[in-house]
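One structure below.
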Amino acid sequence: MATQGEFEYFKNIGEDNMRHAIYKPWSDAQCGLYLMELGAMLGLMPEGGRLLDMGCGTGWTSALFARRGYDVVGQDLVADAIDAGRKLKAEQGLANLDFVVGDYESLTFKEEFDIVVFFDCLHHAVDEVAALNSAYRALKPGGICITSEPGLGHEKRSAAIMAEFGTTERDMHPAKIIRAGKKVGFKQFSTHPHAFYLYIALYRREQRGLLGKLMRIPGMRTLVGMLVVLLSKHQAGIVVLRK
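Sequential numbering of the sequence shown, starting at 1, is according to UniProt numbering.
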């Protein structure tokens with residue numbers, strides 16, 4: 001069961017922050033980071049098909065997937081967020097995008113989708129097994145569920161957010177996701193590095209101070225990128241689960 005803070009989050013963040021949430025990634029200073037992560041996810045997904053975007057918030061990810069050509073249903077718990085998504089759909093003229101209000105831990109879709117996406121939202125689940133069970137039921141045989149989550153340490157890092165808004169913030173690392181996926185029946189699993197870690201290591205503008213000096217050493221960015229690939233995916237990687 002979601003907390004009251006989850007239901008009231010979009011009411012409590014204020015008009016400016018709500019506008020920012022609607023027009024991501026373009027409204028966000030980390031736009032490049034978001035685009036790189038979503039690009040990696042698109043690379044792991046089949047071309048075309050019907051896609052369920054779980055916990056979509058204001059629907060900006062749903063709109064992006066729809067513009068890529070998927071037939072998309074965006075789901076969120078909060079009616080205000082879904083209203084924003086429907087306005088975004090109208091603004092962008094996306095006939096292949098619909099939205100539903102509901103709890104992703106108890107959806108009733110059955111074998112209707114080729115892809116289910118959890119983008120930065122499964123860590124809000126009170127019961128990740130129930131959420132992944134909803135995804136499993138919703139997928140056609142052979143369909144995939146793909147997750148991108150903040151991973152280990154997220155709950156501790158988010159203590160201030162939980163105190164202010166009363167939202168659920170939990171660690172949601174690949175091993176936990178795969179364990180839950182096995183419980184509900186997924187058969188195949190793979191884990192991939194977060195693309196935004198590579199973005200930070202390889203492509204972000206130069207930093208100041210000692211870190212900046214280190215990163216200007218010839219070959220250092222490449223070395224850091226290799227370490228990210230080797231070490232990061234188990235802490236907080238993209239997970240693909242196949243039905």
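Beta carbons are placed, not taken as given, at the ideal position from N, Cα and C, and that holds for glycine.
V239 sits buried, since 16 or more C-beta atoms from the chains shown fall within 10 Å of its C-beta.
Annotation note: the stretch 12-99 contains the following uninterrupted alpha helix (DSSP H) runs of length 4 or greater, listed N- to C-terminal: 15-22, 31-44, 60-68 and 79-92. Just measuring C-alpha positions, the residue of G143, E37, L51 and G153 sitting nearest H123 is G153.
Put simply, of A163, S190 and Y136 the residue whose alpha carbon is nearest the alpha carbon of L52 is Y136. Shown here, F186 sits in coil according to DSSP, grouped into three states, outside any helix or strand. Assignment of T222 by DSSP, reduced to helix, strand and coil, places it in the helix class. Beyond the five residues adjoining it in sequence on each side, R68 comes within less than 8 Å, by CB distance, of L42 in the same chain, given in chain order.
In the structure shown, F7 falls within a helical segment according to DSSP collapsed to helix, strand and coil. Three or more beta-carbon pairs separated by less than 8 Å are not found between the stretch 128-148 and the stretch 78-98, which leaves the two stretches without contact. Pairing K183 with V129 gives a Cβ-Cβ distance under 8 Å. With fewer than 16 neighbouring CB atoms inside 10 Å of its own CB, C31 falls in the exposed class. By the 16-neighbour rule on beta-carbons within 10 angstroms, T222 is exposed. Fully contained in the stretch 137-181 are the following alpha helix (DSSP H) runs of length 4 or more, in chain order: 154-157 and 159-165. Taking each of R179, D28 and C121 in turn and checking the Cα distance to E105, the smallest one comes out for C121.
Per the C-alpha coordinates, the member of D16, M162, L33 and W60 positioned closest to A201 is L33. Note on geometry: alpha-carbon atoms of A81 and R179 lie some 30 Å from one another.
In terms of CA proximity to L88, S62 leads the group S62, G237 and E6.
For L198, there is no enclosing beta strand (DSSP E); the residue is part of the alpha helix (DSSP H) that begins and ends at A195 to L198.
Taking the Cα positions, E47 is about 37 Å away from G14.
Distance from the CA of F65 to the CA of F118, rounded to the nearest whole angstrom, comes to 13 Å. Look at L107 here: in three-state DSSP terms it is coil, with no helix or strand label. In the DSSP secondary-structure assignment, V239 is bridged to T147 and T191.
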